[in-house]
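Notes for the one structure printed next.
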Amino acid sequence: MSDQMVSRILSCPICEQSFTLYSPKSRTCQLIKRDPDFCPYYQGINPLFYQIWVCPHCSYASYKDHWSDVSSREKSQIELLIKQSTERMRFDFTRSDRNLFAALLSYQLAYRCYTKRRNAGAFLLGNIQLRLAWLCRYGNDLKRERIHLETARIHFQKAYQHDAGKNAASKMAFLIGEIHRRAGNNRDALEWLMQAKKNCDVKGEIYRLANHQLFETQEAIHFMQAFGKVDFLQPLSKDLLSLLATHTQRRRMSQGQIICRQGEAGDSLFIILKGQATVHLNTLNSTPVSTLKEGEFFGEMSLLTGQPRIAHIVAATDGELLEIPKIAFRTVLVATPETAATISQIITERLAENERYPAIVQPEPQASPRSKTGFLKRIMTNYDL
Ligand code: CMP
55 MSDQMVSRIL SCPICEQSFT LYSPKSRTCQ LIKRDPDFCP YYQGINPLFY
105 QIWVCPHCSY ASYKDHWSDV SSREKSQIEL LIKQSTERMR FDFTRSDRNL
155 FAALLSYQLA YRCYTKRRNA GAFLLGNIQL RLAWLCRYGN DLKRERIHLE
205 TARIHFQKAY QHDAGKNAAS KMAFLIGEIH RRAGNNRDAL EWLMQAKKNC
255 DVKGEIYRLA NHQLFETQEA IHFMQAFGKV DFLQPLSKDL LSLLATHTQR
305 RRMSQGQIIC RQGEAGDSLF IILKGQATVH LNTLNSTPVS TLKEGEFFGE
355 MSLLTGQPRI AHIVAATDGE LLEIPKIAFR TVLVATPETA ATISQIITER
405 LAENERYPAI VQPEPQASPR SKTGFLKRIM TNYDL
C-alpha cells in the first residue's frame with residue numbers, strides 16, 4: 055500500500071465477511087477545476103474513485119453514510135441482486151488502488167444496490183448517474199457519458215417534482231438545465247436555467263453559475279445556427295455540435311487584419327459569421343485565390359493535418375468569426391470518423407484549385423499528400439486515431 059492511502063477493516067452487512075478498505079489521504083487530492091456540472095479535476099489521486107465502498111467478497115456497494123443501514127428486507131433483495139449479477143468478479147476490490155474502470159464499476163454496483171434501498175431517493179440515484187457520466191468524460195467516452203447524463207436528468211427531474219426543498223430545487227434545476235445544454239437541447243436548457251435563477255439567492259453560487267450558463271446557451275444557439283451552414287458539420291449529431299459549441303469562441307475581425315499567416319502553426323478552424331476574407335498564397339498582396347464568405351470556413355488544413363498554414367488569410371471587410379480549437383475536433387473525429395474523409399475531400403479540392411495559379415510557387419509541395427486518402431492518413435496520424 056502506498057503512503058498516500060489509509061486503510062480500515064470493515065465488515066460487510068450483506069455477506070458478513072471482513073475486508074480492508076483503502077482510501078486516499080485528503081492531502082493527496084488537490085482540486086484543480088470543475089466543469090459547469092461540477093465534474094471535478096484533481097492533481098494526484100482522484101477521491102471520486104474511492105467514494106463508493108465495495109465489499110470484495112460479495113460486491114455490495116454503498117456510500118459510507120449508508121453502509122450499515124440495511125434492513126433485513128433490503129438485505130435479502132440485495133443478496134438476490136448480487137447473485138444474479140455477472141459483474142462481481144470484473145475487478146479485484148481487495149487492491150489498494152482503483153483505476154477508472156474500477157471506479158466506474160463501483161458506481162454501477164452502488165446504483166444497482168441503491169435501487170433496492172429505501173434511503174435512495176431520486177436525487178441520490180441522479181447523483182450516482184452524474185458521477186458515472188463524469189467518469190465516462192474522464193475516459194473520453196462521449197456516448198456512455200450522454201446515456202448517464204440523460205438518466206441523471208430523469209432522476210433529477212423526478213426529484214424536483216417530488217421532494218425538493220428550496221435550495222436543493224435550484225441546484226437540481228441548474229443541473230437539469232446544464233445537462234440539457236450539454237446534450238444540445240438549448241431551448242430546454244434556457245427554461246431550466248431560468249428556473250434555477252428564480253429559486254435561489256441572487257448572491258449565491260447557483261445564481262452566478264445559472265447566469266453564466268444562460269449566456270453560454272444563448273451563444274451556443276447562435277453557434278449551432280452557424281454550424282448548420284457548414285456542409286461538413288451538418289451530419290454531426292446535436293450533442294456533438296453542442297460539444298463543439300462549448301469550445302467555440304466568437305472573434306471580431308477588422309478589414310485588412312491578417313487572421314492566419316502562411317507557414318505558421320495552426321490549431322484552430324474559423325467559420326465566417328459575418329463579412330468576407332481573402333486567401334493569399336506566398337505574399338500578402340498576391341491576387342487572392344479565393345474570397346470566403348459568410349458560412350464558409352478556413353484553417354481546416356493545419357488543424358487537421360498538423361502542417362503549417364498553407365496560405366495567408368486576410369479580412370476583406372469588418373466582420374465576425376467563430377474559432378474552434380483542435381481539442382474539440384478530436385472527439386468529433388472519434389465519434390464520426392467519416393468527417394475526416396469529408397474534410398480530406400474539401401482539402402483536396404482546395405489544393406487543386408490553388409494549382410490553377412501556376413505563377414505562384416506552392417508551399418512545401420513535396421511535404422503535402424496529393425490524394426484524399428493521403429490527407430485522411432495524415433489526419434488520423436495527427437489525432438492519434
Ligand atoms: P490552413 O492551411 O490551416 O490555413 C490557411 C487556409 O487557407 C487553409 O487552411 C484553407 O482553409 C484555406 N485555403 C487554402 N487554399 C484555399 C482555397 N483555394 N480556397 C479556400 N480556402 C483555401
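Counting with our numbering, you get residues 55 to 439 for the letters of the sequence shown.
Beta carbons: idealized from backbone N, C-alpha and C, even for Gly.
Being a predicted model, the structure only gives us computed values, none of them experimental.
Distance cut-off 7 Å: residue i Cβ against heavy atoms of the ligand CMP
i, result
"residue 367", "yes"
"residue 404", "yes"
"residue 409", "no"
"residue 24", "Outside the displayed span of the chain (55 to 439) sits residue 24, for which this structure offers no information."
"residue 340", "no"
"residue 59", "no"
"residue 284", "no"
"residue 364", "yes"
"residue 307", "no"
"residue 158", "no"
"residue 344", "yes"
"residue 356", "yes"
Backbone secondary structure at residue i - three-state DSSP
i, result
"residue 366", "strand"
"residue 420", "For residue 420, the predicted structure reports a pLDDT of 43, less than 50, and the residue's modelled location is therefore unreliable. A value from the coordinates is still provided. Three-state result, residue 420: helix."
"residue 68", "coil"
"residue 374", "strand"
"residue 384", "helix"
"residue 317", "coil"
"residue 61", "strand"
"residue 127", "helix"
"residue 265", "helix"
"residue 282", "coil"
"residue 155", "helix"
Opening and closing residue of the alpha helix (DSSP H) in which residue i lies
i, result
"residue 252", "240 to 253"
"residue 117", "First-last for residue 117: 115 to 117, but that is the beta strand (DSSP E), not the alpha helix (DSSP H)."
"residue 429", "426 to 436"
"residue 409", "Note, residue 409: premise wrong, no alpha helix (DSSP H); not H, not E."
"residue 111", "Residue 111 -> no alpha helix (DSSP H), and no H or E assigned at all."
"residue 290", "From DSSP, residue 290 is part of no alpha helix (DSSP H); its letter is neither H nor E."
"residue 257", "Run containing residue 257: none; DSSP gives neither H nor E here."
Residue i - partner residues in DSSP beta bridges
i, result
"residue 333", "344, 367"
"residue 98", "83"
"residue 106", "117"
"residue 379", "322"
"residue 351", "325"
"residue 88", "94"
"residue 312", "368"
Where the beta strand (DSSP E) containing residue i begins and where it ends
i, result
"residue 303", "303 to 307"
"residue 190", "Unbroken run through residue 190 is the alpha helix (DSSP H), 176 to 192; no beta strand (DSSP E)."
"residue 73", "72 to 78"
"residue 324", "322 to 328"
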